[in-house]
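Structure record follows, encoded as structure tokens.
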Amino acid sequence: MLKHIAARVLARRGKPHQARQTQVQAQGRGGGLVQSSLAGHSALGLALGALIYIVCLTGTIAVFAEDLGRWEWSGIGETASLPTEVVDAAMATGLARAAEKAGGVDKVTALYGILPRPDWPHLEVMAYTAEGEMAWRAGADGVLAETATQDWTRVIGDVHMELTLPGLWGGLAVGVVGIALLSLLVSGILAHPRIFRDAFALRLTGARRLGLADLHNRLSVWGLPFHIAITVTGVLFALASLMILTVAQVGYKGDLNRTYAPLTGPVVQADATPQPLPPLALLRSQVVDPDPTAPRVSRFFYVERPGTQGQRVLLDMTRGDGLTQGDRFYFDGTGKALRPAGFFDGPVGMRVYGAALALHCATYGGLAIRLVYGVLGLALSVITATGFSIFLARRRDRGRPLPRLERAWAGVVWGVPLAVTASAAATLVPGLAHETVYLRIFWGLVVALPLLCLPLATGERASRALRLALGLALPLLAGAHALGLGAAGGPGAAGPVSAAALVIDLVLALIGAGFVATAGLIGRGSRTLAARATSAP
4 MLKHIAARVL
14 ARRGKPHQAR
24 QTQVQAQGRG
34 GGLVQSSLAG
44 HSALGLALGA
54 LIYIVCLTGT
64 IAVFAEDLGR
74 WEWSGIGETA
84 SLPTEVVDAA
94 MATGLARAAE
104 KAGGVDKVTA
114 LYGILPRPDW
124 PHLEVMAYTA
134 EGEMAWRAGA
144 DGVLAETATQ
154 DWTRVIGDVH
164 MELTLPGLWG
174 GLAVGVVGIA
184 LLSLLVSGIL
194 AHPRIFRDAF
204 ALRLTGARRL
214 GLADLHNRLS
224 VWGLPFHIAI
234 TVTGVLFALA
244 SLMILTVAQV
254 GYKGDLNRTY
264 APLTGPVVQA
274 DATPQPLPPL
284 ALLRSQVVDP
294 DPTAPRVSRF
304 FYVERPGTQG
314 QRVLLDMTRG
324 DGLTQGDRFY
334 FDGTGKALRP
344 AGFFDGPVGM
354 RVYGAALALH
364 CATYGGLAIR
374 LVYGVLGLAL
384 SVITATGFSI
394 FLARRRDRGR
404 PLPRLERAWA
414 GVVWGVPLAV
424 TASAAATLVP
434 GLAHETVYLR
444 IFWGLVVALP
454 LLCLPLATGE
464 RASRALRLAL
474 GLALPLLAGA
484 HALGLGAAGG
494 PGAAGPVSAA
504 ALVIDLVLAL
514 IGAGFVATAG
524 LIGRGSRTLA
534 ARATSAP
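In terms of our numbering, the sequence shown opens at residue 4 and continues consecutively.
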């Protein structure tokens, strides 16, 4: 009897054990799916974080596009101005070369001239055809170089504006990235009620996560107006095409021509009959300056369907002393003035559009404003980098580390600036100064470096290695450029380096030295902390 009772008790005890074992087995079968989903979710977060970081960092670099353009083409003679007839001759030469290569003037869709001025002492002519873009830079005499070139600085700008994706996809991708960044900025402020009260609390010693969090939060607060303004205007420009489609359906019954009319200006009917380009002096003579004491300067002019009677000319006239910098004026094929775009005294919408464009691109206020934008843009890049690092550090502190993701993220944070540096080095090598080469180097390293970091022991070691590589690459790039490897008349030829370019070389070398120094200090600090942790009871 006792044996029978004992058997029944043991049987009852065994059932819960079997049930728990069955539950564990079921969880084990489902755990693979959970872990796979978690890994996919983390990888998606890494990809989105990387895109936000790339857009922020390349945008910061693009603020200095004109300065870096002078660095890139420092061997070409500089001039603050050229006679209008010299500019006319250069534009005609560029059109003739493009027409010869494309198979006729009618195959050239547009001609773009960037005019010399004190802060941009070069003349550049660009032609657009179905096969792509051609560009020629002129020296101090206004004569175009014999060979067409492609600017590295413009490629970095394309990465920022479109992630080098075709058509609407580029604007859509950057718009989504901007919306994600804006959401993170707003939600981050709302999630930290004390963020303004602790605006000057910064703990750089102690736990790494706390130091990163303080740096992340302080930079977010100090630059919040800038971050919001830049992100909002960037999203508006990136998603402009999609918003135009919506406005067309709602307000203009799907008529895109009427929708675009306020932005695109007066219409000039296409006419393939040959017609010379209108003289620049004729265009300027029809623009009345509202303030003779602060004369406006022509930055560029743009010709659609150049060399035909159906050509339409857009001439920029700006003062550069405020957000409302001036205006852009339209002319027909003969050079007759049509009307201004309205950035200066047109409809409110056009004035807001013009001001937003200047606000986002830092095309007002000169070098001082660009330096402020550079510092704040770099701060925004640090915010995006530390945000994901804080997430990874918090996971590690809670005993659920993601070591592979830590190493990959280190490859992103330091790999992107290293990729930018390597692509810039291609401008110094004859035969490599081409858009395709720049993009292959940049995107190749952006993808490869995080993968190459995976075999390393820790994310800190990956970060230190890439920081050291970047610190060595920047002085090497600056030294090679300063020695005259970047060129008179184009990349790769020997020629003198301008004073402005030497200043940029010095800045690059100092930044590189700083990275080398911090890599060494952080490495020693990490070893010291590891030794203390090992010797602790």
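Quick reminder that beta carbons are idealized off the backbone N, C-alpha and C, glycines included.
Note that the coordinates shown come from a computational prediction; the quantities given were computed from them, not determined experimentally.
Since D109 sits in a beta bridge, which residues does DSSP pair it with?
Looking at the DSSP output, D109 sits in no beta bridge, so it has no partner there.
Which residues mark the beginning and the end of the alpha helix (DSSP H) in which W139 is found?
Per DSSP, W139 belongs to no alpha helix (DSSP H); it is in the beta strand (DSSP E), 135-141.
Can you give the Cα-Cα distance for R100 and F391, rounded to whole angstroms?
Each residue's alpha carbon lies about 50 Å from the other.
Let's test the definition: count the other Cβ atoms within 10 Å of the Cβ of L126 and tell me whether it reaches 16, buried, or not, exposed.
It counts as buried.
Under 8 Å between the Cβ atoms of V423 and L471?
No.
If the criterion is Cβ atoms closer than 8 Å, does the pair G313 and A102 meet it?
It is not a contact, given that the beta carbons lie outside the stated cut-off.
Contact the region 56-70 vs the region 155-162: 3+ CB pairs below 8 Å
Enough Cβ pairs lie closer than 8 Å, so yes.
A428 versus A151 - alpha carbon distance:
Using only the alpha carbons, I get a separation of about 19 Å.
Identity of the residue in A476, A113, G482 nearest A273 by Cα:
Distance check between A273 and each of A476, A113, G482 places A113 closest, using alpha-carbon atoms only.
Anticipated Cβ contact below 8 Å, L383 with L395, distance rounded:
Incorrect: roughly 20 Å between the Cβ atoms, too far for contact.
Could you spell out where the alpha helix (DSSP H) holding E149 opens and where it closes?
Where E149 is concerned, there is no enclosing alpha helix (DSSP H), given that its DSSP letter is neither H nor E.
For a test of the three-state rule: what should DSSP assign to G495, helix, strand or coil?
Its pLDDT being 40, under 50, G495 is placed unreliably by the model, and the measurement read from it follows with that caveat. The answer is coil: DSSP assigns G495 none of H, G, I, E or B.
May I ask you to report which of helix, strand or coil DSSP gives A522?
The three-state secondary structure of A522, taken from DSSP, is helix.
Using DSSP bridges, identify the partner residues of R331.
Answer is D319.
Starting from T461, follow the alpha helix (DSSP H) in both directions and report where the run begins and ends.
That residue, T461, is in no alpha helix (DSSP H); it is neither H nor E in DSSP.
What residues in its chain sit with their C-beta under 6 Å from that of R120, if we drop five residues either side in the sequence?
Answer for R120: V300, listed in chain order.
Alpha carbon to alpha carbon, how far is P478 from L513? Give it in angstroms, no decimals.
Taking the straight line joining both Cα atoms gives about 8 Å.
What's the gap between the Cα of G434 and the Cα of G515?
Their backbone Cα atoms lie some 27 Å apart in a straight line.
Is the beta carbon of Y441 sitting closer than 8 Å to the one on V158?
For Y441 and V158, yes; Cβs fall inside 8 Å.
Does the Cβ of I249 have 16 or more other Cβ atoms within 10 Å, making it buried, or fewer, making it exposed?
Here residue 249 is Thr; the residue named in the question, Ile, does not match the sequence. So T249 ends up on the exposed side.
Given a threshold of 16 other Cβ atoms within 10 Å of its Cβ, counted over all protein chains shown, does E149 qualify as buried or as exposed?
Exposed.
Start and end residues, alpha helix (DSSP H) containing Y356:
Run containing Y356: 351-364, per the alpha helix (DSSP H) assignment.
Could you give the residue range of the beta strand (DSSP E) that holds R342?
Here the beta strand (DSSP E) through R342 covers 340-343.
Among A411, I444, P453, G377, which has the Cα closest to the Cα of V66?
Checking every option, the nearest Cα to that of V66 belongs to G377.
Kindly give me the distance between the Cβ atoms of T521 and H363, rounded to whole angstroms, as I take these residues to be in contact under 8 Å.
Incorrect: roughly 31 Å between the Cβ atoms, too far for contact.
In this structure, does DSSP put L286 in helix, strand or coil?
Of the three classes helix, strand and coil, the one that applies to L286 here is helix, per DSSP.
Determine, using beta-carbon pairs with one atom in the region 191-199 and one in the region 219-229, whether at least three such pairs fall under 8 Å.
The answer is yes - the region 219-229 touches the region 191-199, with three or more Cβ pairs under 8 Å.
Roughly how far, in whole angstroms, is the beta-carbon of G1 from the beta-carbon of W412, given that I think they are within contact range, below 8 Å?
No answer is possible for residue 1: the residues shown for the chain start at 4 and end at 540.
Any chance you could list the alpha helix (DSSP H) runs of at least 4 consecutive residues sitting entirely within the region 406-430, in chain order?
Counting only runs of at least 4 residues, the region 406-430 fully encloses the following alpha helix (DSSP H) elements, listed from N- to C-terminal order: 406-428.
Excluding the 5 residues preceding and the 5 following A481 in the sequence, name in chain order all residues of the same chain whose CB lies nearer than 6 Å to its CB.
D508, L511, A512, listed in sequence order.
Less than 8 Å between the CB atoms is what I'm expecting for G338 and V271, so what's the real figure, rounded?
G338 to V271, Cβ: 12 Å. No contact.
Exposed or buried, what is V253 when buried is set at 16 or more other beta-carbons lying within 10 Å of its beta-carbon?
Counting the other Cβ atoms within 10 Å of the Cβ of V253 gives fewer than 16, which makes it exposed.
For P420, count neighbouring Cβ atoms within 10 angstroms of its own Cβ and tell me buried if that reaches 16, exposed if not.
By the C-beta density criterion, P420 is buried, having at least 16 other C-beta atoms within 10 angstroms.
Based on the DSSP output, what are the partners of W74 in its beta bridges?
DSSP lists no beta-bridge partner residue for W74.
Quick one: give me the first and last residue of the alpha helix (DSSP H) that V253 is part of.
For V253, the enclosing alpha helix (DSSP H) covers residues 243-254.
Where F304 and T96 are concerned, what is the direct C-alpha to C-alpha distance, given to the nearest angstrom?
In this structure, the alpha-carbon of F304 lies about 16 Å from that of T96.
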